[in-house]
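Colleague: My questions all concern the structure below.
Number of protein chains: 2
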Amino acid sequence: MSTTLTEKKMPEPRNGVDTPTLLATINAVGAQPELAQFRFRAVNRWQQGTHSRTRIQSFYGAGGEQMHEREFTYDADHPTVLVGRDQAPTPVEFLLHALASCLTAGIGNIAAARGVTLHEVESTLEGDIDLQGILGLSDRVRNGYRSIRATFTIKGDAPAEKLAQIVEQSRKRSAVYDVLTNGVPVELMVHAG
Amino acid sequence: MSTTLTEKKMPEPRNGVDTPTLLATINAVGAQPELAQFRFRAVNRWQQGTHSRTRIQSFYGAGGEQMHEREFTYDADHPTVLVGRDQAPTPVEFLLHALASCLTAGIGNIAAARGVTLHEVESTLEGDIDLQGILGLSDRVRNGYRSIRATFTIKGDAPAEKLAQIVEQSRKRSAVYDVLTNGVPVELMVHAG
Chain S
35 MSTTLTEKKM
45 PEPRNGVDTP
55 TLLATINAVG
65 AQPELAQFRF
75 RAVNRWQQGT
85 HSRTRIQSFY
95 GAGGEQMHER
105 EFTYDADHPT
115 VLVGRDQAPT
125 PVEFLLHALA
135 SCLTAGIGNI
145 AAARGVTLHE
155 VESTLEGDID
165 LQGILGLSDR
175 VRNGYRSIRA
185 TFTIKGDAPA
195 EKLAQIVEQS
205 RKRSAVYDVL
215 TNGVPVELMV
225 HAG
Chain L
35 MSTTLTEKKM
45 PEPRNGVDTP
55 TLLATINAVG
65 AQPELAQFRF
75 RAVNRWQQGT
85 HSRTRIQSFY
95 GAGGEQMHER
105 EFTYDADHPT
115 VLVGRDQAPT
125 PVEFLLHALA
135 SCLTAGIGNI
145 AAARGVTLHE
155 VESTLEGDID
165 LQGILGLSDR
175 VRNGYRSIRA
185 TFTIKGDAPA
195 EKLAQIVEQS
205 RKRSAVYDVL
215 TNGVPVELMV
225 HAG
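Protein chains in written order, with this note's numbering: chain S, 35 to 227; chain L, 35 to 227.
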């Protein structure tokens, strides 16, 4: 027990996570909840057909405007079988990337905070979708995925049960898992002409 | 009216959309709904800390296994202010990319089907999130975005009202808008140890 307490009091950097700074950050936000208010942004521009490009750089958080260290640019398109030009994955595939990377980031942080060294975290995600929805062929078929499955393989210097608990804790605190499973209000404004 | 009917019967390629093939594809799927069953996939691998990498290439659809023309690879990370190394945007920023690109792809297709030539489609998306949720500081704060705003600017050779209707139709048939606003069941499996 005393070892566990010591570990909690003096967390070490682990898994590439600066654990002391992470825990200090959480404490700082706990003392000043306004630091927790974040606003993320993306600017998208149509290229042609179903192909568009998104730029991501600035965001608000920790009490002020922030910038990623560089601007990130991502395309999206439809595949040729859906009459796109396959310049990039489809928008719905980026949902799978968002979910996998959110759960995995949480696993990295939580493992470090619990003193577990990770050896490997890999996940395979699949989403099932009936395109009769978006193609306007059926009003009984929803437009989006009807289900998503995520399968994680996790290896590290802890018993299987403890590793599985880290994944479960990440799920409980995942922003993307929350948005995908519970939904979020989206407001759409249009300036036309 | 007869002009409109003629346009509908003989759609031309427009906006980079092969409109005749698009409409033929929709008709083919209408006659054979099993072609509409798609399964998209992503494989993610933890790098270090909150940094992971996703590979996207194969998917099932149109009655068989398909491959994107090349493998696409995307990273995600947390920014330095959240004790990540800022190797890529956060997972929640990819949700904004997915939403913007899905709505914009629909706008490209729908405008072509309606005989409207687009000059410009740009969108700015913002998502508000209180990190007290994911940091475990409050159980009354959700983990994900509490709201998302999308502002579209659309220009083309049609009246403002018709352009706005194209955006609205895209929203009504957007897979990502549906998933984000209505949620989707996510099944999580773990192989640990």
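Where is the CB? At the ideal position from N, CA and C, for every residue including glycine. Here the structure is a predicted model, which means the values were calculated and not measured.
Are the CB atoms of Val210 (chain S) and Leu129 (chain L) nearer to each other than 8 Å?
Modeller: In this structure, Leu129 (chain L) lies closer than 8 Å to Val210 (chain S) by Cβ.
Colleague: With C-beta atoms as the reference, is Gly161 (chain L) less than 8 Å away from Tyr179 (chain L)?
Modeller: Going by C-beta atoms, Gly161 (chain L) is nearer than 8 Å to Tyr179 (chain L).
Colleague: Nearest to Lys24 (chain S) by alpha carbon, out of S:Ile144, S:His102 and S:Pro123?
Modeller: Here chain S comprises residues numbered 35 to 227, so residue 24 (chain S) is not present and cannot be evaluated.
Colleague: Taking the alpha-carbon positions, what's the Leu133 (chain L) to Thr53 (chain S) distance?
Modeller: Leu133 (chain L) and Thr53 (chain S): Cα-Cα distance of roughly 33 Å.
Colleague: Roughly how many whole angstroms lie between the Cα atoms of Arg80 (chain L) and Asn61 (chain L)?
Modeller: Inspection of the sequence shows that residue 80 (chain L) is occupied by Trp rather than by Arg. So the alpha carbons of these two residues sit roughly 42 Å apart.
Colleague: List, in chain order, every chain L residue whose beta-carbon is nearer than 8 Å to that of Ala184 (chain S).
Modeller: Ordered by position in chain L, the residues that pass the 8 Å Cβ test against Ala184 (chain S) are Val220, Glu221, Leu222 and Met223.
Colleague: Any idea what DSSP makes of Asp94 (chain S), helix, strand or coil?
Modeller: It should be pointed out that residue 94 (chain S) corresponds to Tyr in this sequence rather than to Asp. Looking at Tyr94 (chain S) - three-state DSSP - the assignment turns out to be strand.
Colleague: Taking the beta carbon of Gln66 (chain S) as the centre, do at least 16 other beta carbons fall within 10 Å, making it buried, or is it exposed?
Modeller: With fewer than 16 Cβ atoms within 10 Å of its Cβ, Gln66 (chain S) is classed as exposed.
Colleague: Do the CB positions of Ser135 (chain L) and Ala110 (chain S) come within less than 8 Å of each other?
Modeller: Yes, the Cβ-Cβ distance between Ser135 (chain L) and Ala110 (chain S) is below 8 Å.
Colleague: In whole angstroms, give me the CA-to-CA distance for Arg75 (chain L) and His102 (chain L).
Modeller: C-alpha separation (whole angstroms): 11 Å.
Colleague: Starting from the Cα of Ser181 (chain L), find the closest Cα among S:Val51, S:Ile141, S:Gln71 and S:Glu46 and give me that residue.
Modeller: Ser181 (chain L) has its Cα closest to that of S:Gln71, out of S:Val51, S:Ile141, S:Gln71 and S:Glu46.
Colleague: Measuring alpha carbon to alpha carbon, tell me which of L:His112, L:Thr187 and L:Asp191 ends up nearest Arg148 (chain L).
Modeller: Taking only the C-alpha atoms, the option nearest Arg148 (chain L) is L:Asp191.
Colleague: I'd like the span of the beta strand (DSSP E) that includes Asp164 (chain S), first residue to last.
Modeller: Note, Asp164 (chain S): beta strand (DSSP E), Leu152 to Asp164.
Colleague: Starting from Arg183 (chain L), trace the beta strand (DSSP E) both ways and give me its first and last residue.
Modeller: Element bounds for Arg183 (chain L): Ser181 to Gly190.
Colleague: Interface residues of chain S around Val126 (chain L) at Cβ under 8 Å?
Modeller: Per Cβ cutoff of 8 Å: Phe74, Ala132, Cys136, Ala209, Val210 and Val213.
Colleague: Measure from the C-beta of Ser157 (chain L) to each C-beta in chain S and report whether the shortest distance is under 8 Å.
Modeller: Cβ-Cβ to chain S under 8 Å: yes for Ser157 (chain L).
Colleague: Return the Cβ separation of Arg48 (chain S) and Thr114 (chain S) in integer angstroms, given the expectation that the two are a contact with Cβ distance under 8 Å.
Modeller: Not really, about 45 Å apart at Cβ, beyond 8 Å.
Colleague: Here's a check: name, in chain order, each residue in its chain whose Cβ is nearer than 7 Å to the Cβ of Phe93 (chain S), leaving out the five neighbours to either side.
Modeller: Phe72, Arg73, Phe74, Arg75 and Gln100.
Colleague: What residues in its chain sit with their C-beta under 7 Å from that of Val51 (chain L), if we drop five residues either side in the sequence?
Modeller: The residues are Gly142, Asn143 and Ala146.
Colleague: Can the beta-carbon of Phe186 (chain L) be found closer than 8 Å to that of Ser208 (chain L)?
Modeller: Not in contact: Phe186 (chain L) and Ser208 (chain L) (Cβ atoms no closer than 8 Å).
Colleague: By a C-beta neighbour count over all protein chains shown, 10 Å radius and 16 as the cutoff for buried, is Pro219 (chain L) buried or exposed?
Modeller: Exposed, by the Cβ-count rule.
Colleague: Measuring CB to CB, does Ile90 (chain L) end up less than 8 Å from Pro125 (chain S)?
Modeller: No, the pair does not count as a contact, with Cβ atoms beyond the cut-off.
Colleague: Tell me, to the nearest whole angstrom, how far the beta carbon of Ala224 (chain S) is from that of Ala198 (chain L); I am working on the premise that it is less than 8 Å.
Modeller: The amino acid at residue 224 (chain S) is misidentified as Ala; the sequence shows Val. Right, their Cβ atoms sit about 5 Å apart.
Colleague: Taking 8 Å as the CB-CB limit, is Glu99 (chain S) close to chain L?
Modeller: With 8 Å as the cut-off, Glu99 (chain S) does not count as an interface residue toward chain L.
Colleague: Assign Val218 (chain S) to one of three DSSP states: helix, strand, or coil.
Modeller: Of the three classes helix, strand and coil, the one that applies to Val218 (chain S) here is coil, per DSSP.
Colleague: So with CB distances below 7 Å, who are the chain S contacts of Glu103 (chain L)?
Modeller: What Glu103 (chain L) touches in chain S: Asp120.
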